[in-house]
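**Student:**
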DNA sequence: CGTGACTCTAACGTCAACGTCAAGGCGCGG
DNA sequence: CCGCGCCTTGACGTTGACGTTAGAGTCACG
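Residue numbers (my numbering), protein chains in the order written: chain A, 623 to 777; chain B, 623 to 777.
Right, dumping it as C-alpha cells:
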C-alpha cells in the first residue's frame, strides 16, 4: 500500500500578508516533527494548502487542525496511518456531501441519499470509539475498586 | 534498556494432574503468539509459574491474567512495553505490600506507610487513565454532535 | 521404546513510523 | 545582491514489537 501521492500544486504569493505557516513553524506549533508532516503528506493524509513559488510548503489553520486530528486518532484510538487515512477520507467525503447538499441543483432524494451515506460512515466510527470507551470505563472502574479497597484498609 | 532477565526456575512434576498450560495452549487461549509470550518474558514482564524437568514453560491461570493485563495496557492505554513493565512492577509491589500488611510481624505504622505507598502508585496510574477517558469522551461527544447535526438535516 | 507433535534457544528478518544526513534551493534582512 | 537560516527532495538508518527459520531437545501415546 505504498501510495506515493503526487498532486497539483497551488502557488501562493510570498509577499502577501497572510497567516500561512512554514513547515518548521507548523511543526513547532502542533508539536510534531517536520519529517512527520512530510511523511503524512506522502501517505496522502494531508496536503499543505499551498506552496510558495519556490516550492516551499505553506500550512493553513485548517491544515493544522487536520494534523491534530491525525495525532488524536493515533494516540486516542490507537489507529495506524492506513486506518487514519480511511477515517480522513470519510471526513472529506462528508464535507463534500455537505457541500453538494447545499447546492441548489441537488434533488430532494439525492439529498437524503447523501445524508444517509454520511450517517453510515460516521456511525461506523462511532461503534469503534464507543467500544473503546466502554473498555476504558471498565478498566477505570476496576482500578477505582482496587483503590477503594486500599483506602478502606487504610481506614 | 535491553534487560535480559535470567531467573531461577521452578520445576514442575510432569505426571501430576494440574491445570497448567503449555506455551502453545496458553497462546491459543489468550490470543497472542508464542513468540510474544517469550518476548514478554525476555523483558521481564511475565515469568511462567514453572517449567517441566525438561525445560518447557508451564503457565498458570494467574500467568494468563497477567498477559491479559499486558495486552489491555497495550491496546487500551497505548503504553509501550517499557511503560507496561513499570505498571506491572507497581502491581507486584502492591500485592507484595498487601502480603506484608497481613503479616503478624508488621507494625502498625509500617502498615499505614505501606498502604500509603500503594495509594500513590495506583493513583498515579489513575491520573493517566482518567485523562485518556476524558479525551475519549470529548472525542465521542464531538462525533455524536456531528452525527446529530446530520440526522437533523435528514429529519 | 519409538515417533510425531510440540517446545527449546539463538539468530536473523520485517514492518510501521518516523530520524538523520547530504547536497543542494529559497527568502529575506541588511 | 549577499549571506545565513530555513526548506527541498532523496536516501539510508533506527526502534519497538514481534515473525520466521534452524537445529536440537522433550512429551505423551501406542
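Every residue, glycine too, gets a C-beta built ideally from N, C-alpha and C. No experiment lies behind these values; they were computed from the predicted model shown.
Alpha carbon to alpha carbon, how far is residue 671(B) from residue 774(A)?
**Tutor:** Looking up residue 671(B) in the second chain gives position 49. Looking up residue 774(A) in the first chain gives position 152. Each residue's Cα considered, the two are about 31 Å apart.
**Student:** Could you list the residues in the region 644–675 of chain A with a C-beta less than 8 Å from some C-beta on chain B, going in chain order?
**Tutor:** So nothing in the stretch comes that close.
**Student:** When you compare the CB of residue 749(B) with every CB in chain A, is at least one pair closer than 8 Å?
**Tutor:** By one-based count along the second chain, residue 749(B) stands at place 127. Taking Cβ atoms only, chain A never reaches closer than 8 Å to residue 749(B), which makes this a no.
**Student:** DSSP on residue 643(A), reduced to helix/strand/coil?
**Tutor:** As a working note, residue 643(A) is residue 21 in the first chain. Note: residue 643(A) maps to strand in three-state DSSP.
**Student:** Could you name the residues of the same chain whose beta carbon sits closer than 8 Å to that of residue 765(A), not counting the 5 residues immediately before and after it, in chain order?
**Tutor:** Working through the first chain from its first residue, we reach residue 765(A) at position 143. Around residue 765(A): no qualifying Cβ.
**Student:** Whose Cβ in chain B lies nearer than 7 Å to the Cβ of residue 767(A)?
**Tutor:** What you label residue 767(A) is simply residue 145 of the first chain in a count that begins at 1. Going along chain B, no residue has its Cβ under 7 Å from residue 767(A), so there is no contact; the nearest lies around 11 Å.
**Student:** Checking 8 Å against the spacing of the C-beta atoms, do residue 757(B) and residue 736(B) come in under that value?
**Tutor:** Residue mapping note: residue 757(B) aligns to position 135 of the second chain, counting from 1. Residue mapping note: residue 736(B) aligns to position 114 of the second chain, counting from 1. No. Outside cutoff.
**Student:** Listing by chain order, which chain B residues have their CB less than 7 Å from the CB of residue 689(A)?
**Tutor:** Position 67 of the first chain, counted from the start, is the residue given in the question as residue 689(A). Result: empty, since nearest Cβ-Cβ is about 16 Å, beyond 7 Å.
**Student:** Could you give the C-beta distance for residue 698(B) and residue 706(B), rounded to a whole number, given that I count them as a contact under 8 Å?
**Tutor:** Against the second chain, residue 698(B) aligns to sequence position 76. Against the second chain, residue 706(B) aligns to sequence position 84. Rounded, the Cβ-Cβ distance is 11 Å, inconsistent with contact.
**Student:** If you follow the alpha helix (DSSP H) that residue 717(B) is part of, which residue opens it and which one closes it?
**Tutor:** Position 95 of the second chain, counted from the start, is the residue given in the question as residue 717(B). Element bounds for residue 717(B): 703–723.
**Student:** Please confirm whether residue 772(A) has its beta-carbon closer than 8 Å to some beta-carbon of chain B.
**Tutor:** The count along the first chain starts at 1 and reaches residue 772(A) at position 150. Yes, residue 772(A) lies at the interface with chain B (some Cβ there is under 8 Å from its Cβ).
**Student:** Which residues in chain A sit within 8 Å of residue 739(B), going by Cβ to Cβ distance?
**Tutor:** Stepping through the second chain from its first residue, residue 739(B) is reached at position 117. What residue 739(B) touches in chain A: nothing, since even the nearest Cβ is about 10 Å away.
**Student:** Which whole runs of the beta strand (DSSP E) in the region 668–706 of chain A are 3 residues long or more, in chain order?
**Tutor:** Qualifying beta strand (DSSP E) stretches: none in this window.
**Student:** In whole angstroms, give me the CA-to-CA distance for residue 700(A) and residue 731(B).
**Tutor:** As a first step, residue 700(A) is located in the first chain; it is residue number 78 there, counting from the start. As a first step, residue 731(B) is located in the second chain; it is residue number 109 there, counting from the start. So the alpha carbons of these two residues sit roughly 44 Å apart.
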